[in-house]
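Asker: Residue numbers (the numbering used here): 433 to 799. We treat Cβ as the ideally placed atom computed from N, Cα and C, and that holds for glycine. Quick caveat: nothing in here was measured; it's all calculated off a predicted structure.
(1) Between the region 663–672 and the region 689–706, do at least 3 Cβ pairs fall closer than 8 Å?
(2) Grab the span of the alpha helix (DSSP H) containing residue 713 for me, first residue to last.
(3) Just how far apart, CA to CA, sit residue 435 and residue 685?
(4) Using a 10 Å radius around the Cβ and a threshold of 16 neighbouring Cβ atoms, would you call residue 623 buried or exposed?
(5) Between the beta-carbon of residue 523 and the beta-carbon of residue 499, is there less than 8 Å?
(6) Report yes or no: do three or more beta-carbon pairs, one from the region 741–759 and one from the region 713–728, lie closer than 8 Å?
(7) Alpha carbon to alpha carbon, how far is residue 618 from residue 646?
(8) Just list the residues that DSSP pairs residue 525 with in beta bridges.
(9) Is residue 641 near the ligand GDP, in the sense that its beta carbon is under 7 Å from a heavy atom of that ligand?
(10) Please return the same chain residues whose Cβ sits closer than 8 Å to the Cβ of residue 756, not counting the five positions on each side in sequence.
(11) Within this structure, are the beta carbons of residue 441 and residue 449 separated by less than 8 Å?
(12) Which value, in whole angstroms, describes the spacing of the CA atoms of residue 793 and residue 785?
(13) Quick check: the Cα distance between residue 594 and residue 602, rounded to an integer number of angstroms?
(14) Straight-line CA distance for residue 592 to residue 641?
(15) Can you give me the start and stop residues for the beta strand (DSSP E) that residue 533 sits inside?
(16) So what's residue 648 in DSSP terms, helix, strand or just coil?
(17) Looking at the C-beta of residue 475, does it have a partner C-beta in chain C at a distance below 8 Å?
(18) State the Cα-Cα distance for the pair residue 761 and residue 726, rounded to the nearest angstrom.
The structure is reproduced here in structure tokens:
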């Protein structure tokens, strides 16, 4: 089916169609690649979060830290090195009450990155801080924003409870990545740890890839358009002119055709045009020569035939033996003339065929 479809297309249309198929396939693979880039980048950051959370849980269990504000505060001050390069770490107890948040502690700024909302929280009292953080909306779904407590309740009642849970937030030109995991002690859940990190670098990486792919597609598209123009202007149109030239010769059209502009080219199309023109001229010369020879042959045969006709009519009516002998000699002579003409014509045709099959070679005749 495809082969039949391609047979009916011109060279330019075949070229454009094949490029369209090629771009479609590349586009599908590119879309799949871009679709997988973000999950892979998120997975890498999430793996780092999980590793930090596991180390934190090990330290909490080893130091027997209780999930209350005082113990968590002391733990954060004593193990601040664990949370380096993280934007925010939040601790909740088993009742989903906030017991610790690195944004509300006056810690070494080298350990925790500064955030604008710290300035806002510093003017609030401790109780209001808790309410603000616990009820703070997270735009996982723009239509239905949810709070940290809502996320913890979803996690608590999900089948993935006990496993790390990662989700993203994309709002106000910020792309945030948050990982949650519960803390188990002696077979019972005692609290939750959340790590939130600004992951704008993921968005930046994706945008850079999309921009690069878009620019590459535009550049390749322009190259194909330029190549298509050159192909059509300098190759396909001359070939179409040659095809039209041969068709007019075949149809014996009286319309004048000229390929002089193509014969002046120094490339393969120029050689083809010259060869085609030489072949056409040679063929026309042979046709003209054959027509002239046929006319001459008819004229030459007509005279002996007229003589044969006259002699045969006289021979029928004469009774003189001498006269009859002369007429018979005339008949024999005319038959020989006709036979000689036919033999010469046949030999000429053979010579022309042999000459057309001969390969011409250049010979240097200089001494």
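Answerer: Short version:
(1) By the Cβ rule, the region 663–672 counts as touching the region 689–706, because three or more pairs are nearer than 8 Å.
(2) If you number the chain shown from 1, residue 713 lands on position 281. Note, residue 713: alpha helix (DSSP H), 700–749.
(3) Here residue 435 corresponds to residue number 3 of the chain shown, with the count starting at 1. Here residue 685 corresponds to residue number 253 of the chain shown, with the count starting at 1. Residue 435 and residue 685 have their alpha carbons spaced roughly 34 Å apart.
(4) The residue labelled residue 623 in the question sits at position 191 within the chain shown. Counting of Cβ neighbours within 10 angstroms places residue 623 among the buried residues, the total reaching 16 or more.
(5) For the purposes of this step, residue 523 is identified with residue 91 of the chain shown, where counting begins at 1. For the purposes of this step, residue 499 is identified with residue 67 of the chain shown, where counting begins at 1. In this structure, residue 523 lies near residue 499, with their beta-carbon atoms less than 8 Å apart.
(6) These segments do not touch.
(7) Position 186 of the chain shown holds residue 618. Position 214 of the chain shown holds residue 646. Rounded to the nearest angstrom, the two C-alpha atoms are 55 Å apart.
(8) Translated into positions along the chain shown, residue 525 becomes position 93. Its beta-bridge partners are 623.
(9) Because no ligand of any kind appears in the structure shown, any question about the ligand GDP cannot be addressed here.
(10) Here residue 756 corresponds to residue number 324 of the chain shown, with the count starting at 1. Close CB contacts of residue 756 within its chain, under the 8 Å cut and outside five residues either way in sequence, are with 747 and 750 (chain order).
(11) As a first step, residue 441 is located in the chain shown; it is residue number 9 there, counting from the start. As a first step, residue 449 is located in the chain shown; it is residue number 17 there, counting from the start. Yes, Cβ-Cβ distance for residue 441 and residue 449 is below 8 Å.
(12) Here the question's residue 793 lines up with position 361 in the chain shown. Here the question's residue 785 lines up with position 353 in the chain shown. For residue 793 and residue 785, the distance between alpha carbons rounds to 18 Å.
(13) Taking the first residue of the chain shown as 1, we reach residue 594 at position 162. Taking the first residue of the chain shown as 1, we reach residue 602 at position 170. One Cα belongs to residue 594, the other to residue 602, and the distance between them is close to 26 Å.
(14) Within the chain shown, numbered from 1, the residue matching residue 592 stands at position 160. Within the chain shown, numbered from 1, the residue matching residue 641 stands at position 209. Their backbone Cα atoms lie some 33 Å apart in a straight line.
(15) Residue 533 sits at position 101 when you count from the first residue of the chain shown. Residues 530–533.
(16) Counting from 1 along the chain shown, the entry for residue 648 is found at position 216. Three-state DSSP puts residue 648 in a helix.
(17) In the displayed structure, chain C is absent; only one protein chain is listed.
(18) Working through the chain shown from its first residue, we reach residue 761 at position 329. Working through the chain shown from its first residue, we reach residue 726 at position 294. Computed Cα separation, rounded: 28 Å.
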